[in-house]
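Residue numbers (our numbering), protein chains in the order written: chain A, 138 to 557; chain B, 6 to 453; chain C, -16 to 55. Every residue gets a Cβ at the ideal spot worked out from N, C-alpha and C, and that includes glycine. On a predicted model such as this, the values are computed, not experimentally measured, just so you know. The structure appears below as structure tokens.
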Amino acid sequence: MADLHVDFAGIKSKNPFWLASGPPTNTGYQVQRAFEAGWGGAVWKTLGDPIINVTSRFAGLNYGGQRVAGFNNIELITDRPLEVNLREIRETKRKYPDHVIIASLMVEPQAEKWHEIVKRVEDVGVDGLELNFGCPHGMAERGMGSASGQVPELVEKQTYWAKEAAETQVIVKLTPNITDITATAYAATQGGADAVSMINTINSLMGVDLDTWNTIPNVAGKGTHGGYCGPAVKPIALSMVAECAGQPDMNLPISGIGGIENWRDAAEFMLMGASSVQVCTAAMHHGFRIVEDMIDGLNNYLDEKGLTSAMDLVGQTVSKYMKWGDLDLNHKVVAQINQEHCIHCNKCQIACEDTAHQCIEFFTDTEGQVALKVREEDCVGCNLCSIVCPAEGAITMIEQPTSAPMTWNERQRLLSTFGG
Amino acid sequence: MSLPSDAQLWKIFDEVKPDLKPKKVMEEANRCLFCSDAPCVKACPTGIDIPLFIKKITTGNMKGSARVIMEANPMGATCARVCPTEELCEGACVLNDASLPIMIGDLQRHATNWAMKNHSQLFEVSEPNGLKVAIIGGGPAGLSSARELARLGYQVTIYEKNEKAGGLDTYGIVPFRLPQDIALWEVEQVEKLGVTIQTNTEVGKDIPIDAVLNDFDAIVLAVGMANVPPLTVPGEDLDGVYDAIQLIERVKDGHVRDQFIGKNAVVIGAGNTAIDAATCLKRLGASRVQIIYRRTEEEMSAYPFEFSFAKQEGIEFRWLTQPVQMIGDEKNQVAKLECMHMKLGDADASGRCRPIEIENSNFYMNADVVVKAIGQQRYSSFIEAFDLEHEQGVVKIDPETMQTSNPKVFAAGDVIFGNGKGEAMVVAAAEQGKQAAYAIHKHLLSKV
Amino acid sequence: MHEFKLFTEEKREIDELLNKDCSIVRVQENLDGAFIQFTQDDQTITLHIRTPDGRKYLTNQLSAKRLNRTMT
């Protein structure tokens, strides 16, 4: 059994799995149920001036019969008075002293507002604060959430104000609704943040009802953009974590958020530099009990890899993530069709013929059966055929012997000496 | 048909149902809704957390998946193959009405296959607690008790009269439904926890009952049931007349090879064992196999899936038919079966309609092999030697404490299984074994 | 049209010139691909390389030659 404890910016957690700020962490009742189920920590639903919500609030994206490939919401921060939330946080922390409770905060960008809430929240014994600079809907129209999170100066300033009052760790939660997330991550660093978390939800409109022409979701026939999350956003989140983890002058711990629904996703985020992960949509889809397999699966995976601690995963892939110009141009793979596994759907052939490099062709084998083969000399190794192939093991990408590595950047340097 | 080679023999005994292919496994596992408070779990006698083991398949946590199954059911690999799933978990699946139920049995088989293939050590023992438990009978109930007791720190000894443990899983279910190595793997899992299994050891014969009673802190009686009872018709001792349990046992041990090729066989009875015996004879080359039963399809205790499998295998069913005598030839070999037609009367104590003979309806059936599969006898004299209260060989227990009339002796499995409710399931025996272990733990802890 | 054939032709041309001890004096890349200037005995020959594999091959040859030169 490996040790699943993680140290996130000095916050010790029994495992890397935290519930992200959102509907699952609205009340003490819920957070306590989550801790019973095994979650190592929870980021409390964002505290601030209590709001009024609309109904309905959520929509799911179903894809090919699978529900909730994506999810969006137009729910705002907590609608309960601060005092009520604080009482429940205090009670939960008393009952579960070994679990991490982080308070998510959102107030108007004024120093005194930040000072006030930080002091009141820390007074009940939270382990840290997460500044919500991310929600793209509703609160942004009031100058908070992603509206402040998209402006590096505001990120820096607000982080600074929170830090002025804070005694616990300050985590800045970043919005993905920005071209370059490292700009705001850097601003958080400048403001004195102890850690960053990413990503918050992405601007989205889930759909339009073709019968009523209403938006999905709709409020009395009208709609607005919401925050997108769930499995579909994982690659976006992962790349943003990778961008930040790879910044040499920014050494803040990262809490990974976005589409994580099992131990595999969690391990990927950790390999990419996250030392804790946060989950919301998967818990909303299946309940808190999903954490059992996250813990068990990660444990078995670490054992299999011969690792004794979950911390050993953190950042292992960061150095493998780089600029395109530093990738080897000479590396070559070609597709190979394994006849014994091919089920003859011809999807690879049509994909290659219509949309790639026309290098998969029909041939008649010795038994007179029509089959497919790759004309390897024309294959550029794009992976498309193996991506569309539905049969396990039918297409493998085979590495080819090639010349010594040469990256684009090296090539351009070389050519520049020839006046290129 | 000539004498089958070893390879051919095992070919005809290959599992009827192939393993699910990896792609199908993922499609099926991802189709599971991961219900909360799921009806499939409630329908499983051992309470396997089915949605959880399936979720673990989807995340690639195969060890975790196998562990969830085997934790709840130490016979999880066997049950994946022999459980009447449409009556249990799959029958309860919420997708029955919406689309098709999840293939829970097949997914369970996939996960346990992984554990078998990867020699995964799924469980660990606790610190020894210094207490000793004897288990009489190494079948599913006994093994299941042993596994749980070993995990709780008890020093466990199983006394098994056969050469191998596993009981009916090892000897009593035809190989094309349950290969012997599956049952033996489950035995090995129990042994790996430090349980001593003394095979070829019959309590009351090779070791005195008193010794067992005196040397252990508790005893689990899990002897199951005995052979098929006599029909009490003339000619039962002719050559060519077999006891279904013994026949399958010999088949599973590889002793039966060519003696049924081209034979005309009649199997008496329509329970699980009758189906097993009939389909087995067919696979061993019998040219015609008929099942005769004194009641009708309605009352038979074989499951619908067994019935349809038998029909696919070409087994013929003769309902409302009762054997009266077996007639031999000059070599004392059975040649004919005299039968009578029956009709159904009012329901009897078991709730099934009573068969009534129709006068002067006698007729003859040609048969050079007759297999008796009309249930199993009880180990009544053994139970009496143990001085335990019983009702026609069914040991009486307190259902709360699993204790027999001797508070030191607990019982589980077929030995406590009441009459007239079809045949006992492996999964029920496994659960009772677990419960007996917990009952012992509770009982002995209360004394400390 | 199989691009591999085009590349094979380009490779053959590059190899031929390099084997004749022509040296590459200038490489220019623009919207139409790469233009390689070879010289030998005051003679200048320009090759137009169109395929991506051809342009890759060219730089691999340049790199190998440079490596050779530094080693000798």
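Measure the alpha-carbon distance for residue i versus residue j and round it to whole angstroms.
i                      : j                      : result
residue 425 of chain A : residue 365 of chain A : 21 angstroms
residue 258 of chain A : residue 411 of chain A : 25 angstroms
residue 271 of chain A : residue 184 of chain A : 14 angstroms
residue 90 of chain A  : residue 293 of chain A : Shown here, chain A extends from 138 to 557; a query on residue 90 of chain A therefore has no answer.
residue 182 of chain B : residue 232 of chain A : 52 angstroms
residue 289 of chain A : residue 324 of chain A : 5 angstroms
residue 268 of chain A : residue 215 of chain A : 14 angstroms
residue 426 of chain B : residue 384 of chain B : A caution first: residue 426 of chain B carries a pLDDT of 46, below 50, which makes its placement in the model unreliable, though a value can still be read off. Whole-angstrom Cα-Cα distance: 19 angstroms.
residue 389 of chain A : residue 322 of chain A : 9 angstroms
residue 26 of chain C  : residue 34 of chain C  : 25 angstroms
residue 147 of chain B : residue 200 of chain B : 11 angstroms
residue 30 of chain B  : residue 392 of chain B : 51 angstroms
residue 286 of chain B : residue 141 of chain B : 32 angstroms
Suppose contacts are defined by Cβ-Cβ distances below 8 angstroms. Is residue i in contact with residue j by that definition?
i                      : j                      : result
residue 434 of chain B : residue 145 of chain B : yes
residue 116 of chain B : residue 39 of chain B  : no
residue 394 of chain A : residue 379 of chain A : no
residue 506 of chain A : residue 497 of chain A : no
residue 88 of chain B  : residue 407 of chain B : no
residue 174 of chain B : residue 83 of chain B  : yes
residue 479 of chain A : residue 527 of chain A : no
residue 536 of chain A : residue 470 of chain A : yes
residue 282 of chain B : residue 271 of chain B : no
In three-state DSSP terms, what is residue i?
i                      : result
residue 462 of chain A : helix
residue 176 of chain B : helix
residue 423 of chain A : helix
residue 308 of chain B : coil
residue 513 of chain A : helix
residue 427 of chain B : Any reading at residue 427 of chain B must be qualified, since the residue scores a pLDDT of 43, below 50, and its modelled position is unreliable; no value is offered.
residue 480 of chain A : coil
residue 108 of chain B : coil
residue 118 of chain B : helix
residue 9 of chain C   : strand
residue 222 of chain A : helix
residue 133 of chain B : coil
residue 519 of chain A : coil
residue 212 of chain B : strand
residue 415 of chain A : strand
residue 194 of chain A : coil
residue 21 of chain B  : coil
residue 403 of chain B : strand
Since residue i is in the alpha helix (DSSP H), which residue starts that stretch and which ends it?
i                      : result
residue 384 of chain A : Run containing residue 384 of chain A: none; DSSP gives neither H nor E here.
residue 406 of chain A : 400 to 408
residue 30 of chain B  : 27 to 36
residue 534 of chain A : No alpha helix (DSSP H) holds residue 534 of chain A; the beta strand (DSSP E) holding it covers 532 to 537.
residue 145 of chain A : No alpha helix (DSSP H) holds residue 145 of chain A; the beta strand (DSSP E) holding it covers 143 to 145.
residue 254 of chain A : 248 to 259
residue 457 of chain B : The structure shown does not extend to residue 457 of chain B, since chain B spans only 6 to 453, so no value can be given for it.
residue 73 of chain B  : 67 to 77
residue 312 of chain A : From DSSP, residue 312 of chain A is part of no alpha helix (DSSP H); its letter is neither H nor E.
residue 385 of chain B : 385 to 390
Would you mind reading off the limits of the beta strand (DSSP E) that contains residue i?
i                      : result
residue 247 of chain B : 246 to 248
residue 266 of chain A : 265 to 269
residue 181 of chain A : 178 to 184
residue 2 of chain B   : Outside the shown range of chain B (6 to 453) lies residue 2 of chain B, about which nothing can therefore be said.
residue 363 of chain A : 363 to 366
residue 328 of chain B : 326 to 333
residue 393 of chain A : 391 to 394
residue 192 of chain B : Where residue 192 of chain B is concerned, there is no enclosing beta strand (DSSP E), although the alpha helix (DSSP H) it sits in stretches over 185 to 196.
Report the residue from the options whose alpha carbon sits nearest the alpha carbon of residue i.
i                      : options                       : result
residue 263 of chain B : B:408, B:291 and B:284        : B:291
residue 238 of chain A : A:491, A:454, A:156 and A:141 : A:156
residue 77 of chain B  : B:33, B:127, B:358 and B:65   : B:127
residue 438 of chain A : A:350, A:401, A:502 and A:532 : A:401
residue 455 of chain B : B:358, B:31, B:397 and B:240  : Summary: the structure shown does not reach residue 455 of chain B, with chain B confined to residues 6 through 453, and so no result is reported for it.
residue 111 of chain B : B:136, B:279, B:293 and B:37  : B:37
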